[in-house]
Every structure is written in C-alpha cells, then in structure tokens.
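**Student:** Below is one structure. I have some questions about it.
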Amino acid sequence: MAGGTKRDYDGNARKKTPQQQQQPRGRFHAMFENIRDELDEHYDRRERVIKASRDVTAQSKKMVKELNKDFPDDIQQDVDTRLKEIAKLLSPIVADVQSINRYRYGYSLRCLEELVEALSFAHYLRHQKVITLEETQAATPADILLTPHDYMFGLFDLFGELMRFATVTTAQSGKLVGDHERNILSDIQELGCSFEMLPQMPTKDFKGKMEVMRQSINKVEKLGYGLVVRGSERPKGWVPDMKDDVPRPASPV
Amino acid sequence: MSAPPPPTLLDPSIFASLEAKLEEETQIRDAISQLVQRLDRSVATAQGLLSRVHSTPRARYPQLVAQVESAVKDEAAIITELDKVASQHPYYKYNHKWTRSVQHAIGTAIYCAWLGGFPPKAPKSEDASAEAPSSSTSKEAEIGRLLTLEEVGAIFSVPTNLKSRDAFHLTIEEYLLSLADLTSDLSRLATNAVTLGDFQLPLTISAFVKDLFAGFQLLNLKNDIIRKRADGVKYEVKRVEDVVYDLSLRGLIKRPEAAAEADTEMEAAE
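Line by line, the protein sequences are chains F and C. For the first sequence, our numbering begins at 1 and goes up steadily by one. For the second sequence, our numbering begins at 254 and goes up steadily by one.
Structural data, given as structure tokens:
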C-alpha cells in the first residue's frame, strides 16, 4: 500500500528509503486490485440475476394462481400478460447468463423452475398433455437456455398444482375432472410412475421433490377413494380434510 | 376442456431423454470422482513433502523444493486429464466436485514457488519490482516469491479465470483460498525457522504475510467463504509478528533501518 508520506518530528516529509518491505507490497497491490475488479463484476452479475429471479418467481406464482382461479376462462390472456412481464424482467440479465455463466448462476436463477411449473400447468389445462422440454424452451420469453434440471424440477412442482386443481374441481363438480378414459387421477399417477422409474439422483433436492410428489399423488388418490365411498353422502362443495395426515396444508383456498 | 383429451398424457420421448440425461450425469460424476481421488492422493504427497519444510534448514531447501516440484508435476498430469474430461461439460455444473482438490493443488504450487521452486522463466521477463532482497547472493534461490494465478495456470497447463468460454480453468476463488491456506502454514514456518536457528526467515514471512493481508483488505468481499478465510489472515499476521517481536526483543535479529521503522510503526499503532 502506498500510504501517505512519512514525516519526522518537525513535520518535514521524510525521504523514502528503499525499503525491502515496500517492494512486494506494491506488486500484490496491483494484483489484488485486478482480482477485486473481477470479483466485483461477478458479485454484481449475481446480484442482478438474483433480483430478476425473485421477480420472475413472483410472476410465475401469480400466473399459476390465476390459472387456478379463472379456470377455464382467459387462460391464454393471463398467461400472455405474465409472460410479457417475465420477458421484461429477464431481458436485462440474458447477457449475464450466457455460455459459462449459465450454470455459474444456475442456483440464483431458480425462477426458471417456477416458470416451467407455470408453463407446464397452463399447457396441461389447455391440452391435457405434459409439456416437453422443447416446447417449454420455445415458450420461455427470453434467450436463456433451459437446462434439463430446470425442466425436471419444474415438472416436479407440477404435481402440487395438479393436486390443487383436482381438489378444487372435485369439490365444485363432485367428480374427478376428465372423461371416462382418462381423468386427473390417472394422469397424476401416470406422471408419478414415470418419475419413479427414473434413475434416482442421490441429491437432497431430488429426494425431497420425490417425497412431495408422492404426497400429492396420495392426496388425489384419497379424493378418488372419497368419491366412491362417501360420494352419495357428500354435500356439494365438500373438501376432504387432509390436514391431519400430511405435513403440507392441502387446502387450496 | 371441450375438446376430447388426446389419448396420451406423455410424449414417450420426455422421460426417455430425462433418463438418458440422468444416466449420462451419473457417468460423468463417476469419471470426475475417480480423477479427483487420484488428484487428492497426489496433492497429499506434495503436501506431505512440503510439511518437511518445518524441520528443514534453509540450506537444504533446494533439495526439498526439487522433490515438491516433481510432485506438483504429477498433480499437473492429473489436472490435464481432468481438464480433458471436464471441458466437455458445463464447467459450473460439476466444478463443486473438484474445486477443493484443485485449490489444494494450487496451494502446493504456490508454496513450492515461495520456497524457491519454479523459478521465473527467462523469456517471460519478471516484474522489475519482483526482485527479492535475498537474491543478492545469486546462488541462493529466491524465497518469498508469490506466483500469480496465471503463473499457476502455466504450471498446470490450464487456462485461468475463463469468462467467455466454457471450459476447465482455475478460478480466482480457488487462488484466493489457497493464499489463505499458505499464510497459515507460513506462520507455523516462522516459529519453526527460529527453532532451527534461522532468525531472518520470520522477517521475510512477516513482510509477505502483511502484504497479502493488505491485498485481501482491498477486496469487497461478500459474506462468503473467501470473506471468512480472508478475515482469518490477520491472526496469522499477528502470530508472525509475535515471533518477530520475540526475536527483536532479545536482540536476535539485526535491526536494519526498515525493521527499526516497522517497530516504531507498531508502537505508534498501539
């Protein structure tokens, strides 16, 4: 560090003696300044990504909420409004998450999982099909690469939405939504089986998602059971009380 | 929902491709794990050799340094293999698997150079200010030289601090953490050098560790691991200062101008 001028007792600047210690100090200084600039750049970038990600997460959650509430009107319109917002939020950080930085900030960019969840739910409501990775990528309103990880973990979250949707529609209509060949219960079971057959990843994230998935499937199965066993006794608008046997609150309202 | 639902919920390609991805990932992880295990063993060898420095008089550093240099070259060979495997995949997807081992490998190279290993190459002219005071005796290797991240990259034949290309490289974070590791071992060395009768080495270490600390102070660190380790450097500075203090108190070191001035600075600070 090139500190201030040293002065003697009378206040006259002291002549700098060629000190051994000051030589390497100057050298490290330049290097650390360099490192500081690099790190600042990285921290700023991460900050931008985190902020955008938080807002995109909020928008995605709102999209899901509206899909649940307004079903089946105006799905397209709701989705489009939200996607426009999300496009606005993501566009400033597109440059920050290209190439090597896509995975570097993968954890900070978890909003993409929420987005996949919202898109897949909208897709299911419209087409009664599970969205593919390519379709999700095409629907993502920014030039940001969706990783298989984003896609898979987004699909995991779809189970929660399907479960809520099944609960609400069953309460409203008194039957499981769907036609005689397929209904929401058989769909959620089929999707669940596909996940069960995947090679299991040894990560905490994956195991946790699998567990939540099984709970969601179980809740919809209980709905189906309730309809058969107590269907005739059940008043319209009845929602099964499942709070006691599951850790997560099941009521959508 | 008026349209009849399509006969199938799932496009079979969805889970087929997810399964393939997951299996591929498992294979990559296994391959990387094996390389990292080998690297760890190699690093342990180099670290073991380096730990002998604490019982080696300075005159015998060159022999020790030669051994460490060759151990670091063994590490470099494994890192080259790791580079080949890792560069085929997104760097930050798997880097958590090797970052700690690579950090320790960087540490061995830096320590080795500090003790006089890996002398700067002739064509690549070193900084004018890089001349260490002890190099007046030309035969003696320069002690206290700090390798830059780029120089470490050259020793391991891998790029450093890549930003626009997605491939294996050494990161700034790994470098900084290895510097923190180095300060803690140098503070131990200061004590042991005195035990071996080398009263000058603690002065070199003291200047070096203080300069590193001053460098760390320049960084705007977030609340992360680098911050934690950088904060720890000041305790190493103090440990070395205590050794220097003990020596000067008993008149065991000559008091050149610089040392005398450093002492008055310390007094003034208190």
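Note that the Cβ used here is the ideal one computed from N, Cα and C, for glycine as well. Note that the structure is predicted; figures quoted are calculated from it, not measured.
1. Roughly how many whole angstroms lie between the Cα atoms of residue 385 of chain C and residue 278 of chain C?
2. For chain F, is any of its Cβ atoms less than 8 angstroms away from the one on residue 388 of chain C?
3. Apart from the five residues just before and just after residue 139 of chain F, which ones in its own chain have a Cβ nearer than 6 angstroms to its Cβ?
4. Could you check whether residue 411 of chain C and residue 421 of chain C sit closer than 8 angstroms to each other, using their CB atoms as the reference points?
5. Determine the direct distance from the alpha carbon of residue 439 of chain C to that of residue 362 of chain C, and round the result to whole angstroms.
6. Could you tell me which whole alpha helix (DSSP H) segments of length 4 or greater appear in the segment 448-505 of chain C?
7. Within the 8 angstroms Cβ cut-off, does residue 123 of chain F reach chain C?
8. When you compare the CB of residue 43 of chain F with every CB in chain C, is at least one pair closer than 8 angstroms?
9. Give the residues from the segment 101-116 of chain F that approach chain C closer than 9 angstroms (Cβ to any Cβ), ordered along the chain.
10. Just by C-beta distance, which residues in the segment 272-302 of chain C are closer than 7 angstroms to chain F?
11. Select from the segment 307-320 of chain C all residues with a C-beta closer than 7 angstroms to any C-beta belonging to chain F, and list them in chain order.
12. Counting only C-beta atoms, is residue 32 of chain F closer than 8 angstroms to chain C at any point?
13. Provide the residue span of the alpha helix (DSSP H) that contains residue 148 of chain F, from first to last.
14. Hey, out of C:460, C:451 and C:400, whose CA is closest to residue 431 of chain C's CA?
15. Just checking, does the segment 93-103 of chain F make contact with the segment 138-153 of chain F on the three C-beta pairs under 8 angstroms criterion?
16. Under DSSP, the alpha helix (DSSP H) around residue 218 of chain F begins and ends at which residues?
17. Taking Cβ positions, are residue 191 of chain F and residue 184 of chain F nearer each other than 8 angstroms?
18. Indicate the three-state DSSP secondary structure (helix, strand or coil) for residue 53 of chain F in the structure shown.
19. Looking at C-beta atoms only, is the number of pairs between the segment 487-498 of chain C and the segment 339-356 of chain C that lie closer than 8 angstroms three or more?
20. Would you call residue 408 of chain C buried or exposed, if buried means 16 or more other Cβ atoms sit within 10 Å of its Cβ?
21. Just mark residue 80 of chain F as buried or exposed, buried being the case when its beta carbon has 16 or more other beta carbons within 10 Å.
22. What would DSSP say about residue 178 of chain F, mapped onto helix, strand or coil?
**Tutor:** Short version:
1. Interpretation of residue 385 of chain C is limited by its pLDDT of 44, a score under 50 that renders its predicted location unreliable; the figure taken from the coordinates is listed afterwards. Between the alpha carbons of residue 385 of chain C and residue 278 of chain C lies a distance of about 48 angstroms.
2. In this prediction, residue 388 of chain C scores a pLDDT of 41, lower than 50, which makes its location untrustworthy; the coordinate-derived value is nonetheless stated afterwards. Closer than 8 angstroms: no.
3. 119
4. yes
5. 14 angstroms
6. Complete alpha helix (DSSP H) runs here, min 4: 454-470 and 478-502.
7. no
8. yes
9. 101, 102, 103, 104, 105 and 106
10. 272, 274, 275, 276 and 279
11. none
12. Closer than 8 angstroms to the CB of residue 32 of chain F there is at least one CB belonging to chain C.
13. 148-173
14. Distances from the CA of residue 431 of chain C to each of C:460, C:451 and C:400 were compared; the closest alpha carbon is that of C:400.
15. yes
16. 204-230
17. no
18. helix
19. Contact fails: fewer than three Cβ-Cβ distances are below 8 angstroms.
20. So residue 408 of chain C counts as buried.
21. exposed
22. Residue 178 of chain F: strand per DSSP, three-state reduction.
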